[in-house]
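Numbering (our numbering), first residue to last: 2 to 311.
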């Protein structure tokens, strides 16, 4: 009851919006009126299995289908007809419970696939639900940070007792793929996300393994090697996005509401400015800042703020 409300970002596709509620209700509504077009329940209709904090990932629209993660023995992923909601396929080879990370669509060696990160593994699932590759990567408590990808390298991050970043090189030929671990790094990204800018990864990483996850540092890491280039306390624990050469950071701490602008540079921490929201929430907030059409949108537990960017 303390954390009621949607935990995902809705997906807009033309004149339709697809949204997933924490308890598993997936709905499609008209953008113009909000009228419901169809509805599915990931557990009741698709026999799904969620993780500790229920469903927290965003629906992925790809072509004629919307792809979601019900989790469970019927298949971790499911592809639905985006017009009717009809079930098209399940990932029957991958049956892990649904974690809190969103799917990452990528194309590797000419083949479109969805990268999924669970408590047990990292995998690439084809557009028809077929498992293309999978590697073991054990987690703890919850996986919250969505994978990132560039030039064949998949990076996943987690906190708790398995706090680290792990990178895999994915290669393929003729529709046959394999993934091999290339490094692990001291980059315990909990749930604030990571971004790739050029040849470097930026994100807010927890300072300690185990249960003490109250503080974090902004880190810059080499994508190809996992080497930590620099570390700075910055705003502490929070979320990150990238726009126009800059990192935009949003603190998760209640009553602070800090937002900071930092240059995305491997040469060191270069903060350009920061401000506090006028009426920040009294509880932790994990929503990512969003930049669109010249405005910065910051959401917390009590409201949504918009700021002009210059």
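The beta carbon of each residue, even a glycine, is placed where N, CA and C say it ideally should be.
Predicted model only: the values in this text are computed from it and were never measured.
Between the CA atoms of residue j and residue i - distance to the nearest angstrom
i           : j           : result
residue 63  : residue 301 : 29 Å
residue 155 : residue 72  : 21 Å
residue 208 : residue 100 : 23 Å
residue 176 : residue 131 : 11 Å
residue 229 : residue 221 : 6 Å
residue 253 : residue 238 : 6 Å
residue 296 : residue 137 : 40 Å
residue 149 : residue 35  : 32 Å
residue 284 : residue 145 : 18 Å
residue 90  : residue 240 : 33 Å
residue 185 : residue 165 : 7 Å
residue 248 : residue 151 : 18 Å
residue 135 : residue 66  : 23 Å
residue 167 : residue 110 : 22 Å
residue 212 : residue 161 : Since pLDDT at residue 212 reaches only 47, below the 50 mark, its modelled position is unreliable, and the value read off the structure follows with that caveat. Rounded to the nearest angstrom, the two C-alpha atoms are 6 Å apart.
Beta-bridge partners of residue i, as assigned by DSSP
i           : result
residue 21  : 27
residue 203 : 196 and 221
residue 185 : 167
residue 208 : According to DSSP, residue 208 bridges with nothing at all.
residue 63  : 66
residue 215 : In DSSP, residue 215 forms no bridge with anything.
residue 90  : 80
residue 41  : 27
Secondary structure of residue i, DSSP reduced to three states
i           : result
residue 34  : coil
residue 308 : strand
residue 11  : coil
residue 162 : helix
residue 70  : coil
residue 156 : strand
residue 190 : coil
residue 172 : strand
residue 180 : strand
residue 99  : strand
residue 109 : strand
residue 146 : coil
residue 132 : strand
Beta strand (DSSP E) segment containing residue i, residue limits
i           : result
residue 151 : 149–151
residue 122 : 122–127
residue 138 : Per DSSP, residue 138 belongs to no beta strand (DSSP E) and is neither H nor E.
residue 115 : 112–118
residue 79  : 79–82
residue 244 : 239–244
residue 16  : From DSSP, residue 16 is part of no beta strand (DSSP E); its letter is neither H nor E.
residue 234 : Premise fails: residue 234 is in no beta strand (DSSP E) and is neither H nor E.
Any non-hydrogen atom of the ligand PLP within 7 Å of residue i CB
i          : result
residue 60 : Summarising the ligand content, the structure contains no ligands, and the ligand PLP is consequently not present.
Sequence ranges, beta strand (DSSP E) only - wholly within the region 246–301, length at least 3
Fully enclosed beta strand (DSSP E) runs of 3 or longer: 247–252, 259–264, 272–277, 291–293 and 296–300.
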